[in-house]
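See structure below.
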Amino acid sequence: MNCRIIFAVVLLQWIFGPVLLAQETFLKTYGSAQSEYGNSVFATQDSGYIISAILPLGASDIQSILLKINRKGEELFVHSYDYKTFMTPVSAIESATGEIYLLCSAWDNFSPGDFSSILIKCDDEGRIQWSREVSFSGSLRSADILVQSNQIFVLSEYNYNNGAYPGILLSTFDTSGSFVQSYRYSSSRGLKPVKCSIDESGQTGILARSNEFGSGAPSFDNNVFLLLDSTGSIITSKVWGTFYDDEAEALFYRNGKWFVSGRSYFINSSYDIFISTLNTQGEHLQTNFYNGGTFEGEASRDLFVTESLETAICGDAGTFDERNIIFMLADSSGNLLSSLQYPISPLFTNYAFSICRSADKGYAITGDLRPPAYFRDAFIMKTDSTGIIPCSTQVFSMQRRTETIDTLTVNLNYDSVSPIIQAALVQTGVAPYPEKNICSSIPAIADFIFSADTLCPDPCYSFFSTSLNDPHTLEWNFPGGIPTFFSGEIPPLVCYPTAGSYNVILKAINGDGFNEKIISLTVPDFPCDTIFIPNVITPDADGKNDSFRISGANGLFKLKIFNRWGKLIFESDNSKNTWDAQDVSAGVYYYLLQAEVNGELHDFRGTLSVIRN
């Protein structure tokens, strides 16, 4: 990292506040041909990512890709999916149970009537479980997919590329691939579907464009929002926009509000990014516009809304032949919290198509990147919580403003239809998709597990580091405990002479940074004078400490004794039974005890020394 980049990152941290420690940040590309790109990314339940991307194998063969990477951007699997001559992915999504649903568009010839939607269900390793082809009314262009409980919704544009006015088709499948229902939504001058989402009550929102309604129609497009009930019937249809083109691109539902982003055209500033907020019934609440002053304008391609209603935007800005990826973060009122650009490859065009939140509260972005050293690739840009990556990060000044927005309620046509559904014989394979690192910072992430070891005479605990990203140093602090400090992976038993609450602090360090994990440990006030567990016996028949006898336990009692190799050598469920150690040699043994004391069940563990004179 050169001095100029270091200064830029320090300046960004000063402007936006300190960067959260232990957030992996990197920029990596993937691909082996000349025209790969990623079009969707989601964070997986194991803190990694799955990217859907294209694999061009020549002028007459394009396949779809699912690429799984871990939290550091390292490839775990790459699978290709091939059907018809061309099959391009539209979006991939993960179900609550870990399955992956991939939506594609497929065709043989770029001609009217030749396009269909392809839905593929895979397991968490990308292996196909089933696949379906959906055909309807001329041609179908896939637009979006969502999963809710045991249903999969496929959003498509019918009458695509056949000269007729397009419309919306929303088809529903169950998790076994069986067709459930399909509804068609239309208007006299057409509807182009963009995205769909769902609220907590099961109502589906569809985002579209149309030049039939609103200000500027029929010369210019406006944004359209349809709210559907669980049967597919329209609850309401709303239109909003400025006078010139408004091109909605992304839809997200969070906490009773629908969030929409896209771009709008203005005579004096070309294209500007907009963020609109609608209430739960689709009524327009506010729209903010953001102008970065570039010649061909700025475009929002996707958005993610956090639990605190901050809106993260990925997109691009610049000219027709030179565009940089951009990132925006706005609060719930539309005020900018962060605005960045990434001039990775000047003189080339770069596009961001999809954004998601990462497990460490940063963001992951994918799209189409043209690094100076090689041809176009799919990429993943993993940022921190403010959008910073270790290289090519610059402040991108944007001005926020409001404009006059026309809103209206419209009536749309809808009816139940029956598309042609058939099994799609999708071929799958392992694809060459090499990983290339542009820049990365992978700091250590502190984590640990612990368990109670002994309660008497003092409560003692075992700790074990599960820290990530190869820390070279682990520093433990146990204020109030014995010992109070340890350096290494597995500390000795830590004992607390006094009951109370104590912090346990682990600091993990590697060459890219450090991270601390702090937990509060509650040490119980246990009546050790009620139960007695000896820690030494001398089985020499002198009448003193001849056997291992536990007193004070009443009720449930389960005792196990092990040698140092972990072999069980004694077991009892009767507190009156004793262990005389006659058949073992002198040494240290280990016990596990579950016993009732004063009506409460407790777990005890510890060591027992057998001493022979």
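Numbering-wise, my numbering comes out as the position in the sequence shown, counting from 1, plus 4. We put the beta carbon where it would ideally sit given N, CA and C, even for glycine.
(request) May I ask you to report which of helix, strand or coil DSSP gives PHE324? (result) Within the sequence shown, residue 324 is the residue found at index 320, counting from 1. DSSP places PHE324 in coil when its eight states are reduced to three.
(request) Grab me the residues of ARG553's own chain with a C-beta within less than 6 Å of its C-beta, minus the 5 sequence neighbours each way, in chain order. (result) As a working note, residue 553 is residue 549 in the sequence shown. Only THR582 meet the Cβ criterion.
(request) Answer with buried or exposed for THR246, where buried requires no fewer than 16 other C-beta atoms within 10 angstroms of its C-beta. (result) The residue labelled residue 246 in the question sits at position 242 within the sequence shown. That one is buried.
(request) Taking the CB atoms as reference points, tell me whether SER141 and ILE122 lie closer together than 9 Å. (result) Working through the sequence shown from its first residue, we reach residue 141 at position 137. Working through the sequence shown from its first residue, we reach residue 122 at position 118. No, they are not a contact pair.
(message) Determine whether the beta carbon atoms of SER51 and ILE69 lie at a separation below 9 Å.
(response) Position 47 of the sequence shown, counted from the first residue, corresponds to residue 51. Position 65 of the sequence shown, counted from the first residue, corresponds to residue 69. The Cβ atoms of SER51 and ILE69 lie no closer than 9 Å to each other.
(message) Once the 5 residues before and after GLY167 are set aside, which same chain residues still bring their CB inside 8 Å of it?
(response) Residue numbering aside, residue 167 sits at position 163 when the sequence shown is read from its first letter. Correct list, in chain order: PRO116.
(request) Just the C-alpha distance for VAL13 and SER466, rounded to the nearest angstrom, thanks. (result) Taking the sequence shown and counting its residues from 1, one reaches residue 13 at position 9. Taking the sequence shown and counting its residues from 1, one reaches residue 466 at position 462. With a pLDDT of 38 at VAL13, under the threshold of 50, the modelled position of this residue cannot be trusted; read the value that follows with caution. Each residue's alpha carbon lies about 40 Å from the other.
(message) Between which residues of its own chain and PRO436 is the CB-CB distance below 7 Å, once the five residues before and five after are set aside?
(response) Working through the sequence shown from its first residue, we reach residue 436 at position 432. Closer than 7 Å at the Cβ level, and outside the excluded window around PRO436, lie SER36.
(message) Given this structure, state the Cα-to-Cα distance separating SER579 from GLU520, to the nearest angstrom.
(response) Within the sequence shown, numbered from 1, the residue matching residue 579 stands at position 575. Within the sequence shown, numbered from 1, the residue matching residue 520 stands at position 516. Computed Cα separation, rounded: 44 Å.
(message) Restricting to Cα atoms, I'd like to know which of MET332, GLU479, THR370, VAL588 is closest to ILE58.
(response) Translated into the one-based positions of the sequence shown, residue 58 becomes position 54. When each option's Cα is compared against that of ILE58, the closest is THR370.
(request) Identify, in the order they occur along the chain, each residue of the same chain with its Cβ nearer than 8 Å to the Cβ of SER401, setting aside the five sequence neighbours on each side. (result) Start at 1 with the first residue of the sequence shown, and residue 401 comes out as number 397. In chain order, GLY296, GLY297, SER343 place their CB closer than 8 Å to the CB of SER401, counting only its own chain and leaving out the 5 sequence neighbours on each side.
(request) Tell me whether PHE608 is buried or exposed, calling it buried when 16 or more other Cβ atoms sit within 10 Å of its Cβ. (result) On the sequence shown, residue 608 is found 604 positions in, with the first residue counted as 1. The residue in question, PHE608, is buried, as its Cβ has 16 or more Cβ neighbours within 10 Å.
(request) Please determine, among PHE119, PRO495, ASP148, the residue with the shortest C-alpha to C-alpha distance to PHE157. (result) By 1-based counting over the sequence shown, the position of residue 157 is 153. It is ASP148.
(message) Please report the straight-line C-alpha distance between LEU80 and ILE279, rounded to a whole angstrom.
(response) Within the sequence shown, numbered from 1, the residue matching residue 80 stands at position 76. Within the sequence shown, numbered from 1, the residue matching residue 279 stands at position 275. Using only the alpha carbons, I get a separation of about 35 Å.
(message) Please state the DSSP three-state secondary structure of LYS365.
(response) Residue mapping note: residue 365 aligns to position 361 of the sequence shown, counting from 1. Residue state, collapsed to three classes: coil.
(message) Just to confirm the assignment, what range does the beta strand (DSSP E) spanning ILE382 have?
(response) By 1-based counting over the sequence shown, the position of residue 382 is 378. Residue identity check: residue 382 is Ala in the sequence provided, not Ile. Segment 381-387, the beta strand (DSSP E) holding ALA382.
(message) Bridge partners for ILE210 per DSSP, in chain order?
(response) Here residue 210 corresponds to residue number 206 of the sequence shown, with the count starting at 1. Answer is CYS200, LEU230.
(request) Assign ILE523 to one of two classes, buried (16 or more other C-beta atoms within 10 Å of its C-beta) or exposed (fewer than that). (result) Your numbering for residue 523 matches position 519 in the sequence shown. Classification for ILE523: exposed.
(request) Alpha carbon to alpha carbon, how far is ALA448 from TRP480? Give it in angstroms, no decimals. (result) As a first step, residue 480 must be located in the sequence shown, where it is residue number 476. As a first step, residue 448 must be located in the sequence shown, where it is residue number 444. Approximately 15 Å, taken between the alpha carbons.
(message) DSSP three-state label for ALA303, please.
(response) Position 299 of the sequence shown, counted from the first residue, corresponds to residue 303. Residue state, collapsed to three classes: strand.
(request) Work out the CA separation of SER505 and PRO496 for me, nearest whole Å. (result) Indexing the sequence shown from 1 puts residue 496 at position 492. Indexing the sequence shown from 1 puts residue 505 at position 501. If you take the alpha carbons of PRO496 and SER505, they lie about 20 Å apart.
(message) Could you tell me the alpha carbon to alpha carbon distance between PRO483 and CYS499, rounded to whole angstroms?
(response) The residue given as residue 483 occupies position 479 in the sequence shown. The residue given as residue 499 occupies position 495 in the sequence shown. The straight-line gap from Cα to Cα measures roughly 11 Å.
(message) Which of the three DSSP states is assigned to MET91 in this structure?
(response) Start at 1 with the first residue of the sequence shown, and residue 91 comes out as number 87. Looking at MET91 - three-state DSSP - the assignment turns out to be strand.
(request) Tell me whether the beta-carbon of PHE561 lies closer than 9 Å to the beta-carbon of TYR593. (result) If you number the sequence shown from 1, residue 561 lands on position 557. If you number the sequence shown from 1, residue 593 lands on position 589. Taking 9 Å as the Cβ cut-off, PHE561 and TYR593 do not qualify as a contacting pair.
(request) Just the C-alpha distance for SER613 and SER589, rounded to the nearest angstrom, thanks. (result) On the sequence shown, position 609 is the one that residue 613 refers to. On the sequence shown, position 585 is the one that residue 589 refers to. Each residue's alpha carbon lies about 10 Å from the other.
(message) Quick check: what's the CA-CA separation for SER219 versus LEU71?
(response) One-based indexing of the sequence shown puts residue 219 at position 215. One-based indexing of the sequence shown puts residue 71 at position 67. Each residue's alpha carbon lies about 43 Å from the other.
(request) Determine the direct distance from the alpha carbon of ASN473 to that of TYR34, and round the result to whole angstroms. (result) For this step, residue 34 is matched to residue 30 along the sequence shown. For this step, residue 473 is matched to residue 469 along the sequence shown. The alpha-carbon separation between TYR34 and ASN473 amounts to approximately 22 Å.
(request) Return the residue from the list ASN328, ASP127, PRO222, VAL184 that minimises the CA-CA distance to VAL138. (result) Your numbering for residue 138 matches position 134 in the sequence shown. Out of ASN328, ASP127, PRO222, VAL184, VAL184 has the C-alpha closest to the C-alpha of VAL138.
(request) On the DSSP bridge assignment, give the partners of ARG136 in chain order. (result) Position 132 of the sequence shown, counting from 1, holds the residue named residue 136. Bridge partners of ARG136: LEU123, ALA427.
(message) With a threshold of 8 Å, are at least 3 pairs of Cβ atoms found where one atom belongs to the region 313-333 and the other to the region 348-368?
(response) yes
(message) With H, G and I counted as helix, E and B as strand and the rest as coil, what does DSSP make of MET402?
(response) For the purposes of this step, residue 402 is taken as the residue at position 398 of the sequence shown. Residue state, collapsed to three classes: coil.
(message) Contact defined as beta carbons within less than 8 Å: I believe ILE172 pairs with ALA212. What is the distance between those atoms, to the nearest angstrom?
(response) Taking the first residue of the sequence shown as position 1, residue 172 is located at position 168. Taking the first residue of the sequence shown as position 1, residue 212 is located at position 208. So it is a contact: roughly 6 Å between Cβ atoms.
(request) For my contact list, GLU314 and LEU333 are in at a C-beta cut-off of 8 Å; report their separation, rounded to the angstrom. (result) Stepping through the sequence shown from its first residue, residue 314 is reached at position 310. Stepping through the sequence shown from its first residue, residue 333 is reached at position 329. That belief holds up - the Cβ atoms of GLU314 and LEU333 are roughly 6 Å apart, short of 8 Å.
(message) Going residue by residue through the region 485-524, where are the continuous beta strand (DSSP E) segments of at least 3 residues, counting only ones entirely within it?
(response) Complete beta strand (DSSP E) runs here, min 3: 489-491, 504-514.
(message) Please classify ARG136 as buried or exposed, where buried requires at least 16 neighbouring CB atoms within 10 angstroms.
(response) On the sequence shown, position 132 is the one that residue 136 refers to. So ARG136 ends up on the buried side.
(request) Please work out which residues of its chain come closer than 6 Å, Cβ to Cβ, to VAL243, disregarding the five sequence neighbours upstream and downstream, and give them in chain order. (result) Position 239 of the sequence shown holds residue 243. Excluding sequence neighbours, VAL243 sits near PHE217, GLY218, ASN226, VAL228, LEU412, VAL414.
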